[in-house]
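Residue numbers (the working numbering): 1 to 982. Worksheet for the structure shown next.
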């Protein structure tokens, strides 16, 4: 109530004695300060808009133009005969005749003329830059040999562009997205599906394409061409409206993607409130930099700028549900954030008395939420966010029915108008683990949560765990438990099994083989009553110290597969519970890595210290990969130490009878320890890491894990109030059930691949993205025995308001290479030649997509025009009905240039990237990031509802495909003494 009284600046009462006024001075001061802050922001935006209008000219350059005009006029004997004389005389006449200036009119005339020249020069400079940036031939130029016209283009760009531009400085200089010709697009489409369709179906598709080109395609292309004259991008607005906002499916896992923090090694672990406070402070600091345009735009090759149009969208943005099509609301400013904890919502101010809160003040406020508020959630409040995770139409109807007025409307506005959404989770999880199964479970949790602790409509949600680890999810337009479940005994009435605690059982182990079938029959009965889905085809059985039963074990009438070993927490577990085979494999791989660097060990100019660091990074890491979960034995440890000592003796050139080398090898068993938005997250990570390492005041943690700095203002958060009727509670439960079913159907697996990374790919002369894409398609062929359309997202941000384009990665060259890899009669030399052709073709496809020569966005825009004109075309219907069985995306890294570490840095490969849900229910979604030169992190998603897919199986197949291609590329360069490579 105190806040409510303080919010009233002026009150008055009417009585028989008259009208009495009561003025709250503190409230008046707060209002004035807020008005000054808002006015200052408007002034900054106005100043930046002027700067951007004249860029690459600087406003101060007008004085040079004015000086030149005055010098030309006054140094000329008769200024009327000078080149500037006629326009200045004309301006003098205007000033005298229409403005009544009779004295000293010569000076303002010269100033106006210099202003005209200055502004005309800036427009001309923009036009020249737009023409230069329209040239995309630099993408196709060879890095080894540059053509003279590419060099000329480069020097012209350097000449006409200015230094230190503001964030939106190049926006008016960027070219519009070019409209491809109808024939080029259809030819590229037919080329992309020729090797995927049967001969008869392909001939029919060619016939339909020809009819489309000669018939309705011309009319649709004409209207699309007309649109290019009135808009800067002919596809962006339609793509946003009809692909994202018009979708009626839940946006959770369908339109959202998640990201995982870059895990830095620190001596002090901050508290949950301190980590959330510092991240909140840094996010708001970045928002302020975007508002002030203090961030410089990204430049390709330090020459070509990328569009900065979407930089403001991560903040103050929300998606509003509407019937038929949602709408996106972006506010120019927001002075609060929304916080969720234990089913309760809070409004936390970020600006008090005209000043931004510090990290320590945010921590004080979050501590009040975590430890000082024990009140239970209101009726319906805890699962309210399930509306945002469910069907859009149901949320739109409920919003207009139950949240259109009263306190519900006020509280909902506080969430939707917030700068961003912060979720303070209360469930303990360990994000510092590098085990694939742990990362998979956490990533699934980040993607869906519990279906009601994320506000999926917000542009992004920051998630902070109790152990201070953090993650985020983002709306694109602005895990089942994967592990081991031990059941040594049958469930009984006295000892029931709570199946609701496990969303997915991947491996079953029994100690009593004779009771296994009885248990499986009981399991068949219990599963439906628990609301779970069990896929028998994905279940395996391993018998330990018992013989195989005479009859196969079955569940739901299907026989289960018997296995001798399985992978758990990164280790290969066999029936004898040993890791001897795993240790042997690691020693073989480490021996190969050591042999590849034989020339380095023999160099006399390198110090032993440097050689030791190289050995630790390239050999030791291979040897101990996955050792965190090994049930190590003395014999295995001795073999690892023997190999380690031999390698060190070779490096130090010590004889066997020399003094012993002290091995640095010690075995430990460890227990424990995202386009635009990824750029901002990277910026936040770099800022936080720099503040902690340099002990920057207000930007680091104290020894107790709290934020550094004084708490000058003790601000309490405002608890949001709700009045939710029973009908709304029922609607919330209905949306929650749908969202829960969707979340349970997602099969998500995260794999850290450390056998090699982008460093090896570059040294071998291949594009890392092309190498990865071909490996994914080889893995898909190994997994399914067939080829499919492959979706890879590429950016078109070299054009104004550009977003993405599709790269159809499954080309005919890739298919030829994969078939050759599957044919034992094909020679290695021929496979390498086909691999080179496939990678070159992929690089060409990516460059075509980036330069506006893609296929799918053009066909999509034609399809939208056909709907406007009520024209149905079979060719366009066929194009948009083709399924994308494999959807892929690469997460960029080190866009800021501040997250590059040396090879021996402990955090060099700690970036996990992020992922998304499956695009096709019968296919896979793969997001990957090259975390370092020796590590690739992959996020693989599929649907449990499809019996033919398995994310974990596909991850193992991807690892096998990567190693197969590596072995193919490495074989010609290896010496005859190196063997047993993969």
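A virtual CB, placed ideally from N, CA and C, is assigned to each residue, including glycine.
Checklist entry - Is residue 616 helix, strand or coil by DSSP? => result helix
Item to check | Nearest to residue 868 (by Cα), restricted to the options 563, 73, 219 | outcome: 219
Checklist entry - Tell me, which residues are paired with residue 204 by DSSP? => result Residue 204 pairs with nothing; no bridge assigned.
Item to check | Run of the beta strand (DSSP E) containing residue 890, from where it starts to where it stops | outcome: 886-890
Item to check | Under 8 Å between C-beta atoms of residue 289 and residue 298 | outcome: no
Checklist entry - In terms of residues, what are the limits of the beta strand (DSSP E) holding residue 424? => result 421-424
Checklist entry - Which whole runs of the beta strand (DSSP E) in the stretch 398-468 are 3 residues long or more, in chain order? => result Restricting attention to beta strand (DSSP E) runs no shorter than 3 residues, the stretch 398-468 encloses them at 421-424, 460-464, ordered along the chain.
Checklist entry - If you check the beta carbons only, do residue 739 and residue 394 fall under 8 Å apart? => result no
Checklist entry - Can you name, in chain order, every residue of its own chain whose Cβ lies under 8 Å from the Cβ of residue 919, other than the five neighbours on each side? => result 791, 884, 887, 925
Checklist entry - Would you call the stretch 807-823 and the stretch 779-794 touching, i.e. three or more CB-CB distances under 8 Å? => result yes
Next on the checklist: Please classify residue 338 as buried or exposed, where buried requires at least 16 neighbouring CB atoms within 10 angstroms.
Outcome noted: buried
Next on the checklist: My output table needs one value for residue 744: the three-state DSSP class, helix, strand or coil.
Outcome noted: helix
Checklist entry - From 150, 599, 950, 402, pick the residue whose C-alpha is nearest to that of residue 139; which is it? => result 150
Checklist entry - Near residue 847, which residues of its chain fall below 7 Å by C-beta distance, leaving aside the five closest residues on each side in sequence? => result 139, 140
Checklist entry - Using DSSP with H/G/I as helix, E/B as strand and the rest coil, what is residue 320? => result strand
Checklist entry - On the three-state DSSP scale, how would you describe residue 57? => result In this structure, residue 57 counts as coil in the three-state DSSP scheme.
Checklist entry - Can you pull the DSSP bridge partners for residue 472? => result 259, 462
Item to check | residue 686 (DSSP reduced to helix, strand or coil) | outcome: helix
Checklist entry - Can you pull the DSSP bridge partners for residue 242? => result The partner list for residue 242 (beta bridge, DSSP) is empty, contrary to what the question assumes.
Checklist entry - Roughly how many angstroms lie between the CA atoms of residue 876 and residue 866, to the nearest whole one? => result 9 Å
Next on the checklist: Looking only at its chain, what residues have a beta carbon closer than 7 Å to the beta carbon of residue 286, apart from the 5 residues adjacent to it on each side?
Outcome noted: 680, 683, 684
Checklist entry - Considering residue 347, what are the terminal residues of the beta strand (DSSP E) in which it resides? => result Where residue 347 is concerned, the enclosing beta strand (DSSP E) stretches over 344-349.
Checklist entry - For residue 889 versus residue 845, is the C-beta distance shorter than 8 Å? => result no
Checklist entry - Under 8 Å between the Cβ atoms of residue 986 and residue 186? => result This structure gives no information on residue 986, because the portion of the chain shown stretches from 1 to 982.
Checklist entry - Within this structure, are the beta carbons of residue 306 and residue 929 separated by less than 8 Å? => result The answer is no: Cβ separation not under 8 Å.
Checklist entry - Is residue 603 helix, strand or coil by DSSP? => result coil
Checklist entry - residue 294 by DSSP, collapsed to three states: which one? => result coil
Checklist entry - Considering only C-alpha positions, which residue in the set 880, 854, 849, 853 is nearest to residue 863? => result Of all alpha-carbon atoms in 880, 854, 849, 853, the one lying nearest the alpha-carbon of residue 863 is that of 880.
Checklist entry - Which parts of the stretch 920-973 are runs of the beta strand (DSSP E), unbroken and 3 residues or longer, counting only runs that do not cross its ends? => result 924-932, 935-943
Next on the checklist: Could you compute how far the alpha carbon of residue 44 sits from the alpha carbon of residue 292?
Outcome noted: One Cα belongs to residue 44, the other to residue 292, and the distance between them is close to 6 Å.
Item to check | Backbone CA spacing between residue 168 and residue 923 [nearest angstrom] | outcome: 39 Å
Next on the checklist: On the CB-based measure, 16 or more other CB atoms within 10 Å of its CB, does residue 268 come out buried or exposed?
Outcome noted: exposed
Checklist entry - When the Cα of residue 397 is compared with those of 731, 421, 707, which residue comes out closest? => result 731
Checklist entry - Exposed or buried, what is residue 965 when buried is set at 16 or more other beta-carbons lying within 10 Å of its beta-carbon? => result buried
Checklist entry - Between 916, 823, 874, which lies nearest to residue 749 when the distance is taken from Cα to Cα? => result If we check each option's Cα against that of residue 749, 916 comes out closest.
Next on the checklist: Going by beta-carbon coordinates alone, are residue 341 and residue 418 separated by less than 8 Å?
Outcome noted: no
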